[in-house]
Amino acid sequence: MNFKSLFVLASLAVCSFAETSIAQVQKDISNQMASAVINFSTTVHAFPIWGGTAGQAMSIHYSAIALNNVIANTTNDMNNITSDLSDADFLSIIGHLQALEPSFLRSIEGLAIRKPAFAVLPLGNLPALLKLDLATMKTSADNFMDEFISLASPNVLPAARAMKLSVDSTFSTVLAIYNI
354 MNFKSLFVLA SLAVCSFAET SIAQVQKDIS NQMASAVINF STTVHAFPIW
404 GGTAGQAMSI HYSAIALNNV IANTTNDMNN ITSDLSDADF LSIIGHLQAL
454 EPSFLRSIEG LAIRKPAFAV LPLGNLPALL KLDLATMKTS ADNFMDEFIS
504 LASPNVLPAA RAMKLSVDST FSTVLAIYNI
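Its first residue numbered 354, the sequence shown is counted upward by one per residue in the working numbering.
Below, the structure written as C-alpha cells:
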C-alpha cells in the first residue's frame, strides 16, 4: 500500500469517527445511559425503607458503579466529537436527558430515604460506601453536564444549565444527609 492510499484510508477513518461520534453520544444516552438509569432506579426502589437485605444493598452499589461508568464513557465520547453539532443534535440529546432526569433524581433521593435502613445492615459501613458512590456519580454528572454545556447551542443552553442546577441541588441535599 502506498503512502497516498494510506492517507486516504486514514482520512476516511477520521471522517467516519467524527460522523459516528455524534451518533455514538446519542446512542450512549438513549440506550446505555437510559438502561443504566432504569437499572439503578429499579435497584434503589426495590430496596424497602426497612428490612432490606445485604444483597439488595450491594445491587444498588453495583448499579451505581455501572451508571457512573456509563456517564463517564458518554462524557469521553462527547469530548471526542470533532465536528459541529447541529441544533437538532443538541435538541435530541437534551430531550433524552430530560426524559431520564426525573427517574435519576428520584433514585438519588431514594438513597437518602433509605440511609437508616442501610446503616443497620451487617455490611460494615454501607452508608460510607454509598456516599462514595454518590460523590463519584456527582463528579461524573458534573463533568458530563459541563462538557455538554460547553458544546451546547444557544437554543438548549438554558435547559442544560437548569438541568445541571437541579442535579447539583439534589446531589448536595443527599450528600449532606450522608454526612450526618
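Cβ coordinates follow ideal geometry from the N, Cα and C atoms, glycine included.
- Beta-carbon contacts of N392 that lie in its chain and below 6 Å, excluding the five residues immediately before and after: The sequence position of residue 392 within the sequence shown is 39, counting from 1. Residues S416 of the same chain have their beta carbon placed closer than 6 Å to that of N392, with the five preceding and five following residues left out of the count.
- Task: Determine the closest residue to S436 out of M498, A376 and P401, with distance taken between C-alpha atoms.
- Result: Reading the sequence shown from its first residue, position 83 is the one you call residue 436. If you compare the alpha carbons of M498, A376 and P401 with that of S436, the shortest gap goes to A376.
- Fully enclosed by the segment 383-416, which beta strand (DSSP E) runs are 3 residues long or longer? The qualifying runs do not exist here; there are none.
- Nearest-angstrom Cβ-Cβ length linking N508 and D440, presumed shorter than 8 Å: The sequence position of residue 508 within the sequence shown is 155, counting from 1. The sequence position of residue 440 within the sequence shown is 87, counting from 1. Sure, about 5 Å apart at Cβ, within 8 Å.
- How many angstroms separate the CA atom of N426 from the CA atom of N532? Here residue 426 refers to the residue found at position 73 when the sequence shown is read from its first residue. Here residue 532 refers to the residue found at position 179 when the sequence shown is read from its first residue. Their Cα atoms are separated by approximately 28 Å.
- Item | Spatially closest choice to F457 from V520, S383, V378 and Q385, by CA coordinates | Here the question's residue 457 lines up with position 104 in the sequence shown. Its Cα nearest to that of F457, the residue V520 stands out among V520, S383, V378 and Q385.
- Message: Among the candidates P455, I413, S412 and I424, whose CA atom is the shortest distance from the CA of F490?
- Response: Residue numbering aside, residue 490 sits at position 137 when the sequence shown is read from its first letter. The question names Phe, yet the displayed sequence has Met at residue 490. Checking every option, the nearest Cα to that of M490 belongs to I424.
- Check R467 in the structure and name its three-state DSSP category. Position 114 of the sequence shown, counted from the start, is the residue given in the question as residue 467. In the structure shown, R467 adopts coil according to DSSP, grouped into three states.
- Report the residue from L479, I418, L474 and K468 whose alpha carbon sits nearest the alpha carbon of A494. Here residue 494 is taken as the residue at index 141 of the sequence shown, counted from 1. Ranking L479, I418, L474 and K468 by Cα distance to A494 puts I418 first.
- May I ask you to report which of helix, strand or coil DSSP gives A505? As a first step, residue 505 is located in the sequence shown; it is residue number 152 there, counting from the start. Correct three-state label for A505: coil.
- Message: What residue range does the alpha helix (DSSP H) around T435 cover?
- Response: By one-based count along the sequence shown, residue 435 stands at place 82. Counting along the chain, no alpha helix (DSSP H) covers T435, and no H or E run does either.
- Would you tell me roughly how many angstroms separate the C-alpha atoms of R459 and S394, rounded to the nearest one? The count along the sequence shown starts at 1 and reaches residue 459 at position 106. The count along the sequence shown starts at 1 and reaches residue 394 at position 41. Spanning the two alpha carbons is a distance of roughly 8 Å.
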